[in-house]
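Trainee: Here it is, the structure, as structure tokens.
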Amino acid sequence: EEEALWERQGPIFIYKGEGLSIFSTSESMSAYYAQTLNAWQQQLGDKVTIYNLIIPTSIEFRLPERYKSVTSPQRPNIENIYSQLDSRIRTVDAYSALEKHREEYLYFRTDHHWTALGAYYAYTAFCETAGLAPMPLEKMEKRTLTDFIGTLYKEAQDSQMLKNPDQVDYWIT
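Quick note: the sequence shown uses the numbering used here, first residue 716, plus one each step.
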């Protein structure tokens with residue numbers, strides 16, 4: 716019965732009608748990314764503050780523990796990149812902000828993007844790092860669009876994903 720709840724289609728793991736992009740890490744790509752930011756910091760010097768916020772993908776929080784072997788853990792990869800950065804680059808811990816809210820609707824089920832709510836929590840982590848006060852959600856008006864089908868469905872063409880459309884929540888001031 717559990718076997719019927721999941722399948723793998725190339726780089727997509729489908730679990731209970733939700734598409735999850737499989738993550739794999741690359742030491743060389745992580746190093747290249749850090750070196751690129753360091754080069755910008757070197758060039759810009761102290762005239763500009765660079766903030767770096769790496770976003771974990773949905774599979775990090777949505778995949779049940781028993782299937783974790785299909786993907787690479789993302790927190791060690793993020794920490795590895797941050798450890799290679801020039802000390803003047805400000806790192807933002809979006810991972811912890813999202814992890815605190817992992818049971819909320821942070822990522823779309825049929826698309827590889829995060830929802831506006833997931834982006835909001837990362838924004839609050841950025842504000843904390845930058846010493847800014849985030850706009851509270853309660854001060855904004857929430858609106859919703861329904862029946863959104865995203866790119867993971869387009870790639871997988873999985874009938875269970877089609878039966879599990881997303882909603883797009885957004886907030887306006």
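Positions of the beta carbon are idealized from the N, C-alpha and C atoms, including for glycine.
At the level of alpha carbons, what is the spacing between G846 and Q724?
Mentor: Counting from one through the sequence shown, the residue named residue 846 turns up at place 131. Counting from one through the sequence shown, the residue named residue 724 turns up at place 9. Each residue's alpha carbon lies about 43 Å from the other.
Trainee: From N879 to T825, what does the alpha carbon distance come to, in whole angstroms?
Mentor: Reading the sequence shown from its first residue, position 164 is the one you call residue 879. Reading the sequence shown from its first residue, position 110 is the one you call residue 825. Roughly 8 Å separates the two Cα atoms.
Trainee: If we call anything under 8 Å between Cβ atoms a contact, is A749 one with L800?
Mentor: Residue mapping note: residue 749 aligns to position 34 of the sequence shown, counting from 1. Residue mapping note: residue 800 aligns to position 85 of the sequence shown, counting from 1. Yes, Cβ-Cβ distance for A749 and L800 is below 8 Å.
Trainee: Could you tell me if Y868 is buried or exposed, where buried requires 16 or more neighbouring beta carbons within 10 angstroms of its beta carbon?
Mentor: Walking along the sequence shown from the start, residue 868 turns up at place 153. Buried, by the Cβ-count rule.
Trainee: On the premise that V883 lies in contact with T859, defined as a C-beta separation below 8 Å, what is that separation, rounded to the nearest angstrom?
Mentor: Position 144 of the sequence shown holds residue 859. Position 168 of the sequence shown holds residue 883. Contact holds; Cβ gap of about 7 Å.
Trainee: Residue range of the alpha helix (DSSP H) that E742 falls in?
Mentor: Taking the sequence shown and counting its residues from 1, one reaches residue 742 at position 27. That run of the alpha helix (DSSP H) goes 742-759.
Trainee: In angstroms, rounded to a whole number, what distance separates the CA positions of E780 and L759?
Mentor: Taking the sequence shown and counting its residues from 1, the one referred to as residue 780 is at position 65. Taking the sequence shown and counting its residues from 1, the one referred to as residue 759 is at position 44. Each residue's Cα considered, the two are about 43 Å apart.
Trainee: Nearest to Y885 by alpha carbon, out of L821, S874, I864, S787?
Mentor: Stepping through the sequence shown from its first residue, residue 885 is reached at position 170. Answer by Cα proximity: L821.
Trainee: Which residues in the same chain as A831 place their Cβ atom closer than 6 Å to its Cβ, once the five residues preceding and following it in sequence are excluded?
Mentor: As a position in the sequence shown, residue 831 is number 116, starting the count at 1. If you ignore the 5 residues before and after A831, its C-beta comes within less than 6 Å of the C-beta of D884, Y885, all in its own chain and listed in chain order.
Trainee: Alpha carbon to alpha carbon, what distance is there between A848 and Q872?
Mentor: If you number the sequence shown from 1, residue 872 lands on position 157. If you number the sequence shown from 1, residue 848 lands on position 133. One C-alpha to the other measures close to 42 Å.
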